[in-house]
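The structure appears right after this line, and notes come after that.
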Amino acid sequence: MMTEKPKILYVEDNFMNRMLVKRLLEAHGYTVLEAEDGLSGIRVAQEELPDLILMDINIPGMDGFEATTKLKSIEGLRNTPIVALTARVMDGDREMALTAGCDGYIPKPINVDTLPGQIEDFLAGKREMVAVAEERVYLREYSQKLVDRLQEKIEELTKANEELRHTDEMKSRFISIAAHELRTPLTLIQGYLSMLIQSGGEAMCQLDDGILEIIEGIAKGVERLNTIVEEMLDVTRIESGTLKLHLGPVSLKDVITAAVRKLKPFSEERKQEIVVADLSGMPPVKGDANRLLQVFINLIGNSIKYTPDGGRVSLSVRVIEAGKVLAPHVRSAGRGEFIEVIVEDTGVGIAEEDQERIFKRFYEVKDPSRHSTSKTSFMGGGLGLGLPTARGIVEAHGGWLWVESEGYDEEKCPGSRFHVLLPVAARTAGVSPGKQAGQ
Numbered sequence: 005m006m007t008e009k010p011k012i013l014y015v016e017d018n019f020m021n022r023m024l025v026k027r028l029l030e031a032h033g034y035t036v037l038e039a040e041d042g043l044s045g046i047r048v049a050q051e052e053l054p055d056l057i058l059m060d061i062n063i064p065g066m067d068g069f070e071a072t073t074k075l076k077s078i079e080g081l082r083n084t085p086i087v088a089l090t091a092r093v094m095d096g097d098r099e100m101a102l103t104a105g106c107d108g109y110i111p112k113p114i115n116v117d118t119l120p121g122q123i124e125d126f127l128a129g130k131r132e133m134v135a136v137a138e139e140r141v142y143l144r145e146y147s148q149k150l151v152d153r154l155q156e157k158i159e160e161l162t163k164a165n166e167e168l169r170h171t172d173e174m175k176s177r178f179i180s181i182a183a184h185e186l187r188t189p190l191t192l193i194q195g196y197l198s199m200l201i202q203s204g205g206e207a208m209c210q211l212d213d214g215i216l217e218i219i220e221g222i223a224k225g226v227e228r229l230n231t232i233v234e235e236m237l238d239v240t241r242i243e244s245g246t247l248k249l250h251l252g253p254v255s256l257k258d259v260i261t262a263a264v265r266k267l268k269p270f271s272e273e274r275k276q277e278i279v280v281a282d283l284s285g286m287p288p289v290k291g292d293a294n295r296l297l298q299v300f301i302n303l304i305g306n307s308i309k310y311t312p313d314g315g316r317v318s319l320s321v322r323v324i325e326a327g328k329v330l331a332p333h334v335r336s337a338g339r340g341e342f343i344e345v346i347v348e349d350t351g352v353g354i355a356e357e358d359q360e361r362i363f364k365r366f367y368e369v370k371d372p373s374r375h376s377t378s379k380t381s382f383m384g385g386g387l388g389l390g391l392p393t394a395r396g397i398v399e400a401h402g403g404w405l406w407v408e409s410e411g412y413d414e415e416k417c418p419g420s421r422f423h424v425l426l427p428v429a430a431r432t433a434g435v436s437p438g439k440q441a442g443q
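Printed below as a string of structure tokens:
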């Protein structure tokens, strides 16, 4: 009856050393696993549960001492013998290795005649020890070493975080400057186009259909560019806290009706149905009508985009007391009442790991090859600004925006549910004339 070969994990960054040990031990009936650094060694050890670990000390990143200490803290590996196989042969290196958790110490260069027997001894239960008095000394030294390493890593992370923050600020400034620089020529082009279209009169009528189609195409392109510029500016305003809201009591019925009206041609083109629940009797919210219109155009447009032809987008609304808001994204809704709007679709859904990332600027769940200039073509990627802008606007209103989905599946189409939570305005206030969405 064949017995399973003992598994030896060798953690070593030098490829030639790994090959030497691998061939030597395999020739003596062992199965040899490899890892080139401490973190990958820990991962392989957890996955494979080796019978013994050979640990080089001088490995990149997490060194052999630290990797050994970590391995000895993991359930299922605490009793696995770890033997230092290292070129560190200065006074105290052996004692430091044993203090860190190693069960043995084999100095390099490797002796091919004795190594297999040494491995066999450690597998049979051999353990090297440090005298108690010496162990206390080396334990203090090792503890100080860990503290120094921790401080070093904290300083590295602090510096890296500062550099990332600076880079992010530069990116935001660039976006803002670029958007402002684009706005001026776009305004001129749009102005001249309007003059041409509105005052062309008989001259416009004499143009052939091809020229008129070109002019209409230019007008649509300019409108799209203007939208992109405004989205870029909105993102920078949200991040800098300079987004201005013209607050007042707003009817969500009017806002949602206006958003659906604007997107209806796109849903009809895709043979999709937009179903809106009865919105009558809903109290007004305190908000900026045009900014809230922007939110629902983004959310409904996103649902249209990621729902196959013939699908459905549904909107439902309810009033909910702050104390009854039960959502992982809403830690404390304070007091008062909220209106919750749910935009639900029968689309492809969103993977769990993407359900927060989609609210980060420029993040797109699909690859760049599916990028599209259309805001509603099926699965067409965009700039990745619509959802971050929508969340920023909702949060500026003192509300919340999050998504729920059972996952991403282009075949089963589990769909997505976007939740918008907005504070209700004072019950005594009515919707002021002139504050309707889109005006």
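Sequential numbering of the sequence shown, starting at 5, is according to this note's numbering.
For each residue, glycine too, the CB sits at the ideal point set by N, CA and C.
- In this structure the segment 280-292 does not touch the segment 232-245; the number of beta carbon pairs closer than 8 Å is below three.
- Cβ neighbours of residue 235 within its own chain (closer than 8 Å, five residues either side excluded): 387, 389, 390, 393.
- Between the beta-carbon of residue 42 and that of residue 67 there is about 7 Å, and that keeps the pair under the 8 Å contact cut.
- Taken through DSSP and simplified to helix, strand or coil, residue 272 comes out as helix.
- The DSSP-derived three-state label of residue 189 is helix.
- Secondary-structure assignment with DSSP links residue 182 through no beta bridge to anything.
- DSSP places residue 120 within a helical segment (H, G or I) once states are collapsed to three.
- Checking the DSSP bridge columns, you'll see residue 427 partnered with 342.
- Under a 10 Å Cβ-count criterion, residue 113 is classified as exposed, with fewer than 16 other Cβ atoms of the shown protein chains found around its own Cβ.
- Contact annotation, residue 13 with residue 78: C-beta distance approximately 13 Å; criterion of less than 8 Å not satisfied.
- Here residue 59 is bridged, per DSSP, to 15, 88.
- By the 16-neighbour rule on beta-carbons within 10 angstroms, residue 218 is exposed.
- DSSP places residue 109 in the strand class (E or B) of the three-state scheme.
- Taking C-beta atoms as the reference points, residue 288 and residue 320 fail to come closer than 8 Å.
- Annotation: residue 391 is outside any beta strand (DSSP E); the continuous alpha helix (DSSP H) that includes it extends over 390-400.
- Positions of the alpha helix (DSSP H) runs, each at least 4 residues long and wholly inside the segment 21-52, are given as 42-52 in order along the chain.
- Approximately 6 Å separates the beta-carbon atoms of residue 226 and residue 190; this is inside 8 Å, confirming the contact.
- Under DSSP, residue 322 forms a beta bridge with 344.
- Counting along the chain, the unbroken alpha helix (DSSP H) around residue 309 starts and ends at 293-309.
- Looking at 229, 169, 173, the one whose alpha-carbon comes closest to that of residue 192 is 229.
- No Cβ-Cβ contact shorter than 8 Å links residue 298 with residue 181.
- Assignment of residue 144 by DSSP, reduced to helix, strand and coil, places it in the helix class.
- In the same chain as residue 318, and ignoring 5 residues on each side of it, the C-beta atoms closer than 7 Å to its own belong to 279, 348, in chain order.
- With fewer than 16 other beta carbons inside 10 angstroms of its own, residue 202 counts as exposed.
- With respect to residue 303, residue 422 sits close: the two C-beta atoms are nearer than 8 Å.
- Just measuring C-alpha positions, the residue of 90, 89, 73 sitting nearest residue 83 is 73.
- CA-to-CA, the gap between residue 32 and residue 26 works out to about 10 Å.
- The bridge partners DSSP lists for residue 420 are 409.
- Pairing residue 70 with residue 412, the inter-Cα distance amounts to about 39 Å.
- Using a C-beta cut-off of 8 Å, the segment 119-137 makes contact with the segment 83-97, since at least three inter-stretch Cβ pairs fall below that distance.
- Closest option to residue 383, judged by alpha-carbon separation, among 199, 308, 195: 308.
- Residue range 68-75 is occupied by the alpha helix (DSSP H) that includes residue 70.
- Remark: C-beta atoms of residue 222 and residue 197 approach each other more closely than 8 Å.
- Residue 353 is positioned such that its CB atom lies no closer than 8 Å to that of residue 312.
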